[in-house]
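Residues 1 to 212, numbered by the UniProt record's numbering, are exactly what the sequence shown covers, in order.
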Amino acid sequence: MKKITAPRIPDGDLTVYPNDTYFIEDVGEVSEKIFRKTTMTGEIFEHFHLETILFDGCIFDSVSLVSANLTDIVFKNCDLSNLDLMGAIIHRVRFENCKLIGVNFSDATLRNCVFVDCYADYVAFRYANLKWVAFEMGAYTNSDFSGAQLVDTYLERLDLNKAQFLNCALNGIDLSSCTFESITAMPQDLKGVSIDFSHAPALMPLFGIRVK
Numbered sequence: 001m002k003k004i005t006a007p008r009i010p011d012g013d014l015t016v017y018p019n020d021t022y023f024i025e026d027v028g029e030v031s032e033k034i035f036r037k038t039t040m041t042g043e044i045f046e047h048f049h050l051e052t053i054l055f056d057g058c059i060f061d062s063v064s065l066v067s068a069n070l071t072d073i074v075f076k077n078c079d080l081s082n083l084d085l086m087g088a089i090i091h092r093v094r095f096e097n098c099k100l101i102g103v104n105f106s107d108a109t110l111r112n113c114v115f116v117d118c119y120a121d122y123v124a125f126r127y128a129n130l131k132w133v134a135f136e137m138g139a140y141t142n143s144d145f146s147g148a149q150l151v152d153t154y155l156e157r158l159d160l161n162k163a164q165f166l167n168c169a170l171n172g173i174d175l176s177s178c179t180f181e182s183i184t185a186m187p188q189d190l191k192g193v194s195i196d197f198s199h200a201p202a203l204m205p206l207f208g209i210r211v212k
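#1: Put VAL211 into one of helix, strand or coil per three-state DSSP.
#2: The ligand ADP heavy atoms versus the CB of THR179: any closer than 6 Å?
#3: Should THR153 be labelled buried (16 or more other beta-carbon atoms within 10 Å of its own) or exposed?
#4: Less than 7 Å between the beta carbons of PHE60 and LEU85, yes or no?
#5: Could you tell me which uninterrupted beta strand (DSSP E) segments, each at least 3 residues in length, are contained entirely in the region 118 to 197, listed from first to last along the chain?
#6: If we count the other Cβ atoms within 10 Å of its Cβ and call it buried at 16 or more, is ALA134 buried or exposed?
#7: Taking only three categories from DSSP, how would you classify HIS49?
#8: Using 8 Å as the threshold, is the region 8 to 22 in touch with the region 100 to 114, meaning 3 or more CB pairs across them?
#9: Comparing C-alpha positions only, which one of LYS37, ASP11, LYS3 and THR5 sits nearest to TYR17?
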């Protein structure tokens with residue numbers, strides 16, 4: 001496994017935002033700050049830039065980050081549910097113990113990203129481009145990876161029940177530590193995937209196999 005580059009956040013050199021609400025305006029960029037238990041609100045226009053930020057215990061309320069650029073960010077204990085990151089460029093970003101229900105990563109580009117112990121049911125990575133990305137623990141039921149490109153991407157100890165991988169080549173992907181009763185994929189999508197013996201009953205129907 002390639003060592004994924006962590007977010008570059010300097011110790012002690014960031015401005016701590018003192019209030020519990022931050023209204024994001026169309027200023028184009030927010031950088032070099034620490035937000036703790038802050039509600040982030042206000043529409044963000046396309047191509048917004050976020051860089052070198054720690055979000056700790058924050059809530060994103062009705063915020064859009066379509067086609068945004070996120071670099072050197074840590075989201076820790078945050079609620080990002082239904083956040084729209086469609087087409088975003090996401091580099092050196094860590095999501096730790098976050099709620100990512102319904103987050104839209106469709107068409108996004110992710111590099112050197114880590115997702116740890118996140119609750120991400122219904123998250124969408126449709127047609128996203130992932131390279132050097134690790135998913136470690138967490139719930140990804142009903143997630144959608146259809147059409148995504150997964151290069152040097154690691155899925156470990158995830159609940160992937162009812163996940164969709166249509167037109168997503170899983171060659172070289174190891175799902176053996178993950179759990180699922182069913183997933184949606186075509187037989188050609190599963191070529192070269194590594195699974196656990198317990199996954200066989202869930203995958204055999206995809207190949208038209210019935211056990212009597």
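Yeah, the Cβ is synthetic: ideal placement off N, Cα and C, and Gly gets one too.
Judging by the given coordinates:
#1: Because the pLDDT of VAL211 is 49, which lies under 50, any placement of that residue in the model is unreliable, and the number read from its coordinates should be weighed accordingly. Reduced to three states, the DSSP call for VAL211 is coil.
#2: With respect to the ligand ADP, the structure shown offers nothing to examine, as it has no ligands at all.
#3: By the C-beta density criterion, THR153 is buried, having at least 16 other C-beta atoms within 10 angstroms.
#4: no
#5: 129 to 139 and 149 to 156
#6: Buried.
#7: strand
#8: no
#9: LYS37
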